[in-house]
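What follows is a single structure, written as structure tokens, with notes after it.
Number of protein chains: 2
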Amino acid sequence: MTELAIHDTHAGCAPCALEDYGGCEAAARTRLTVRRGAVLFRQNDPFRAFMAVRRGSFKSVAVAPDGREQVLAFVMAGDVLGLDGFGHSRYASSAIALEDSEVLVLDYGTAGSAGGPALHHAMARILSRELLRDYKLKVLLASMNAEQKLASFLLNMSRRLQDRGGCPGDLSLRMTRTDIASYLGLSLETVCRTLTSLHRRRVLQVDGRHLRLLDRRALLRQFGRDE
Amino acid sequence: MTELAIHDTHAGCAPCALEDYGGCEAAARTRLTVRRGAVLFRQNDPFRAFMAVRRGSFKSVAVAPDGREQVLAFVMAGDVLGLDGFGHSRYASSAIALEDSEVLVLDYGTAGSAGGPALHHAMARILSRELLRDYKLKVLLASMNAEQKLASFLLNMSRRLQDRGGCPGDLSLRMTRTDIASYLGLSLETVCRTLTSLHRRRVLQVDGRHLRLLDRRALLRQFGRDE
DNA sequence: CGTCTCCTTGAGGTTGGTCAAACCAGGTGG
DNA sequence: CCACCTGGTTTGACCAACCTCAAGGAGACG
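Chains A and W, in that order, are what the protein sequence lines are.
The numbering used here puts the first residue of the first sequence at 15, with every later residue one more than the last.
The numbering used here puts the first residue of the second sequence at 15, with every later residue one more than the last.
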């Protein structure tokens, strides 16, 4: 009870986010479609609005001090983009579509003053949840080895797909190995090697970006009390 | 312009937070004093309220899946604790005082419904800023080597102390090496070694928990475009 | 068919982790 | 006052997990 459930790592039950947003879709000004690879907004752009992902998925990236890109999050349908931009009135990260996608522009600046307390409350909840997700990712980055990171990532993706009505054992990834590596703080080669290792041990079936979880137990076992 | 300024890493200009909170101190129900080492709230406790640190400092820790403690943040006067608990109505991390401290209990549940939109707006800004801080920490954890992590940490601490009116070159740390190591995703020995290495190179003067920055430039140089 | 991007696999080296021992400061009790 | 104990810190020796560099395969697309 006192420990984080690992299969929840950076989960955050995204569909709830929009749900939370409740009837407030009135706040939605515009609906945008974004082509795969296109940039929805860019780090340091002045903050305009939150974006609720309707369809498709994005990666959220920031430029690290040394100039390399760092993937901060994978954002799927039902999640909200741009939450970080609000506090400093600039986006803190760029949002890049991993596939053809559709977003709802949530003009919080306007709707915020107009909307009732319910809207604010919902917004705060979404932000807070995002924080929780971040916390879990920090734990992952700070204290896990390569295999644990991958296991955590896979279980999380599986869960999120399941929440969206997909088959939990069937992962069709939208991002490259490089993206995954950056997100997990690993090198791209280590991601590959770890995946093939899991494949050889029949934990996983790997076919390019299509993965199938064969032994969920084995993934969870990565986190035995003292391994 | 497109890159994060490194000396800002997990900065977040904390004193502004309370400022932002503005005249809303009416929301403050209680003032608590906490002894060094005491637990203000515990991970998984039902969420009660946010806590604004008045005096002293805290560490925010979570239990990792493997049972080890993970330090998620160092929280100083002017910062707000418990932001993560709101979304799930449980605290996602424990708060432990690093020294004798004093906090203001911000009963958002009550004040939230009572307070005006200004309060909500302020709350959202605080949350959003916290997100930004998290983003920077994720970059640190994912893509920096030991020396860069330390440099980043030191510059950040210096900045935060400066914001609070302290002398920027004089750091009097309140946390143990173990805490720092956990926070930065390093081993305690590596933190020690890196500090002594910086000491030997006259970048830093190390005397237990009292540090003096001798060569800020050298620390910043850690992040030259491609080193 | 050539090119491009992405993925996979191998060889070798380095950073940083682990284990171990000793030091130091502060507190406690005789 | 001193002996002792504890928690924190420092340092060394060793080792392995992971990174880097390099080369080759596989699929998509013009």
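Even glycine gets a Cβ: it sits at the ideal position worked out from N, Cα and C.
Residue i touches chain W at which residues, Cβ-Cβ below 8 Å?
i                            : result
serine 115 of chain A        : Here the premise fails: no neighbours, minimum Cβ distance about 22 Å.
phenylalanine 237 of chain A : Pro79 and Asp80
Determine the contact status of residue i and residue j, defining contact as a CB-CB distance below 8 Å.
i                        : j                           : result
tyrosine 105 of chain W  : phenylalanine 55 of chain W : yes
valine 119 of chain A    : arginine 68 of chain A      : no
glycine 199 of chain A   : isoleucine 110 of chain A   : no
glutamate 143 of chain A : serine 157 of chain W       : The residue asked about is misnamed: residue 143 of chain A is arginine in this sequence, not glutamate. For arginine 143 of chain A and serine 157 of chain W, no; Cβs fall outside 8 Å.
valine 205 of chain W    : arginine 191 of chain W     : yes
glycine 70 of chain A    : serine 115 of chain A       : yes
leucine 86 of chain W    : valine 77 of chain W        : no
leucine 151 of chain W   : lysine 152 of chain A       : yes
aspartate 148 of chain W : aspartate 148 of chain A    : yes
Measuring only the C-alpha atoms, how far is residue i from residue j?
i                            : j                            : result
serine 103 of chain A        : phenylalanine 61 of chain A  : 5 Å
alanine 132 of chain A       : aspartate 221 of chain A     : 45 Å
alanine 232 of chain W       : asparagine 170 of chain W    : 15 Å
aspartate 34 of chain W      : leucine 141 of chain W       : Here the model assigns aspartate 34 of chain W a pLDDT of 45, short of 50, so the residue's position is not dependable, and the following value carries that caveat. Looking at the two C-alpha atoms, the distance is approximately 11 Å.
leucine 212 of chain W       : threonine 210 of chain A     : 40 Å
methionine 189 of chain W    : methionine 90 of chain W     : 12 Å
cysteine 181 of chain A      : leucine 164 of chain A       : 19 Å
histidine 134 of chain A     : arginine 173 of chain W      : 32 Å
leucine 227 of chain W       : serine 186 of chain W        : 11 Å
alanine 138 of chain A       : aspartate 98 of chain W      : 10 Å
phenylalanine 237 of chain A : proline 79 of chain W        : 6 Å
glycine 92 of chain W        : alanine 66 of chain W        : 6 Å
alanine 25 of chain W        : aspartate 193 of chain W     : Reliability of the predicted coordinates at alanine 25 of chain W is poor, the pLDDT of 36 falling under 50, and the value obtained from them is presented with this limitation in mind. Cα-Cα distance, rounded: 18 Å.
cysteine 38 of chain A       : arginine 49 of chain A       : Only weak support is given to the placement of cysteine 38 of chain A: the predicted model assigns it a pLDDT of 48, under 50, and the value that follows is read from those uncertain coordinates. The straight-line gap from Cα to Cα measures roughly 26 Å.
histidine 224 of chain A     : aspartate 184 of chain A     : 8 Å
arginine 178 of chain W      : valine 94 of chain W         : 15 Å
aspartate 59 of chain W      : arginine 216 of chain W      : 46 Å
arginine 207 of chain W      : alanine 195 of chain W       : 11 Å
glutamate 161 of chain W     : arginine 45 of chain A       : 45 Å
glutamine 57 of chain A      : phenylalanine 167 of chain W : 23 Å
alanine 136 of chain W       : serine 201 of chain W        : 37 Å
glutamate 11 of chain A      : threonine 47 of chain W      : What the structure shows of chain A is the stretch from 15 to 241, and residue 11 of chain A is not part of that stretch, so it cannot be assessed.
arginine 230 of chain W      : leucine 234 of chain A       : 44 Å
lysine 73 of chain A         : leucine 175 of chain A       : 16 Å
leucine 154 of chain A       : tyrosine 197 of chain A      : 10 Å
phenylalanine 9 of chain A   : leucine 145 of chain A       : Any answer about residue 9 of chain A is impossible in this case: the structure gives chain A only from 15 up to 241.
phenylalanine 88 of chain A  : leucine 218 of chain W       : 39 Å
leucine 112 of chain W       : valine 53 of chain W         : 10 Å
threonine 16 of chain W      : asparagine 159 of chain W    : Reliability fails at threonine 16 of chain W, whose pLDDT of 29 lies under 50, so the model's placement of it is uncertain and no value is given.
glycine 36 of chain W        : glycine 96 of chain W        : Annotation note: pLDDT 44 at glycine 36 of chain W (below 50); position unreliable, coordinate value reported separately. Rounded to whole angstroms, glycine 36 of chain W to glycine 96 of chain W spans 19 Å at the Cα level.
glutamine 84 of chain A      : glutamine 84 of chain W      : 22 Å
For residue i, return the contacting residues in chain A, with the cut-off set at a CB-CB distance below 8 Å.
i                           : result
phenylalanine 88 of chain W : Correct list: empty, because the minimum Cβ distance to chain A is about 13 Å.
Identify the contact partners of residue i in chain A, using a Cβ-Cβ distance below 7 Å as the criterion.
i                        : result
glutamate 144 of chain W : Leu145
serine 107 of chain W    : Tyr149
arginine 139 of chain W  : Phe100 and Gly101
List the DSSP bridge partners of residue i.
i                        : result
glutamine 84 of chain A  : A:Ala76
aspartate 184 of chain A : A:Arg226
alanine 109 of chain A   : A:Phe55 and A:Ser74
arginine 207 of chain W  : According to DSSP, which records beta bridges pairwise, arginine 207 of chain W is partnered with nothing at all.
methionine 90 of chain A : A:Ser71
serine 166 of chain W    : Note: serine 166 of chain W sits in no beta bridge, so no partner.
glutamate 116 of chain W : W:Thr47 and W:Arg69
leucine 233 of chain A   : None; leucine 233 of chain A has no bridge partner.
aspartate 221 of chain A : A:His224
leucine 95 of chain A    : A:Met65
histidine 104 of chain A : In the sequence on display, residue 104 of chain A carries arginine and not histidine. Arginine 104 of chain A is bridged to A:Pro60.
Which residues in chain W have a C-beta closer than 7 Å to the C-beta of residue i? List them in chain order.
i                     : result
alanine 52 of chain A : Result: empty, since nearest Cβ-Cβ is about 18 Å, beyond 7 Å.
ask   = For the segment 148 to 169 of chain A, which residues have a CB atom closer than 7 Å to at least one CB atom of chain W, in sequence order?
value = Those would be Asp148, Tyr149, Leu151, Lys152, Val153, Leu155, Ala156 and Ser157, in chain order.
ask   = Can you list, in chain order, the residues of the segment 190 to 201 of chain A whose Cβ is nearer than 8 Å to any Cβ on chain W?
value = The residues in question are Ser196, Tyr197, Leu198 and Gly199.
query = Given a limit of 8 Å on CB to CB distance, which residues of the segment 73 to 103 of chain A reach chain W?
reply = If the cut-off is 8 Å between Cβ atoms, the segment 73 to 103 of chain A has Ala76, Val77, Ala78, Pro79, Asp80, Gly81, Arg82, Gln84, Leu86, Leu97, Asp98, Gly99, Phe100, Gly101 and His102 near chain W.
request  = Anything in the segment 208 to 229 of chain A with a Cβ closer than 9 Å to a Cβ of chain W? List those residues in chain order, please.
outcome  = Within the segment 208 to 229 of chain A, no residue has its Cβ closer than 9 Å to any Cβ of chain W.
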